[in-house]
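Down below is the structure, laid out as structure tokens.
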Amino acid sequence: MDLLTRLTKEPLPFATLLGIEIVSATLDKIVGQMLVRNELCTRSAVLHGGAIMAFADTLGALATLANLTERGRTATIESKTNFISGARIGSQIVGETTPLHRGQRTMVWQTRVTTADDKLVAVVTQTQLVFPQLP
Numbered sequence: 001m002d003l004l005t006r007l008t009k010e011p012l013p014f015a016t017l018l019g020i021e022i023v024s025a026t027l028d029k030i031v032g033q034m035l036v037r038n039e040l041c042t043r044s045a046v047l048h049g050g051a052i053m054a055f056a057d058t059l060g061a062l063a064t065l066a067n068l069t070e071r072g073r074t075a076t077i078e079s080k081t082n083f084i085s086g087a088r089i090g091s092q093i094v095g096e097t098t099p100l101h102r103g104q105r106t107m108v109w110q111t112r113v114t115t116a117d118d119k120l121v122a123v124v125t126q127t128q129l130v131f132p133q134l135p
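Reading the sequence shown from the start, the letters are residues 1 to 135 in the numbering used here.
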């Protein structure tokens with residue numbers, strides 16, 4: 001089973017609610033996209049910061065899972081977001097998640113969130129806790 005299929009074979013309810021689509025997955029990079037819809041926006045028709053963070057958090061968690069065994073588990077223990085510019089309703093955002101550190105107990109990922117025309121929206125750095133393998 002390829003990595004993309006392994007990561008998306010079970011439904012991800014919150015990611016589905018947000019409309020996140022995983023475009024590609026390797027051990028070194030997860031790429032996802034999400035349409036900016038009215039339900040995810042502020043009153044000024046700009047993507048809400050919490051939606052950006054949730055988008056990046058999903059990609060970072062999947063990146064960690066990609067680097068664990070199928071029974072591996074993870075949880076976000078820290079996240080920092082730098083908001084650079086807005087993403088307007090109707091636009092598509094793209095997230096590219098790459099590793100800064102892949103250890104046995106924690107992994108740190110950076111996600112660059114851009115619009116489809118490569119305008120930087122945010123940079124998110126998150127730390128994922130790696131749980132011990134269950135028998």
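C-beta: ideal position from N, C-alpha, C; glycine also.
{"query": "Counterpart residues of His-101 in DSSP-defined beta bridges", "result": "Val-108"}
{"query": "Per-residue burial, Ile-20 [other beta carbons within 10 Å of its own, 16 or more giving buried]", "result": "buried"}
{"query": "Helix, strand or coil at Ala-122 [DSSP, three-state]", "result": "strand"}
{"query": "Per-residue DSSP class, three states only, for Phe-131", "result": "coil"}
{"query": "Contact the stretch 34 to 47 vs the stretch 75 to 83: 3+ CB pairs below 8 Å", "result": "no"}
{"query": "Distance, Leu-62 Cα to Arg-11 Cα", "result": "The residue you asked about is not Arg; residue 11 is Pro in the sequence shown. Their backbone Cα atoms lie some 13 Å apart in a straight line."}
{"query": "One or two residues paired with Arg-73 in a DSSP bridge", "result": "According to DSSP, Arg-73 bridges with nothing at all."}
{"query": "Assumed close pair Gln-126, Gly-49 - CB separation to whole angstroms, cut-off 8 Å", "result": "Rounded, the Cβ-Cβ distance is 15 Å, inconsistent with contact."}
{"query": "Inter-residue CB distance, Thr-97 and Lys-9 (contact presumed, cutoff 8 Å)", "result": "With 8 Å as the limit, Thr-97 and Lys-9 do not qualify as a contact, their Cβ atoms being about 19 Å apart."}
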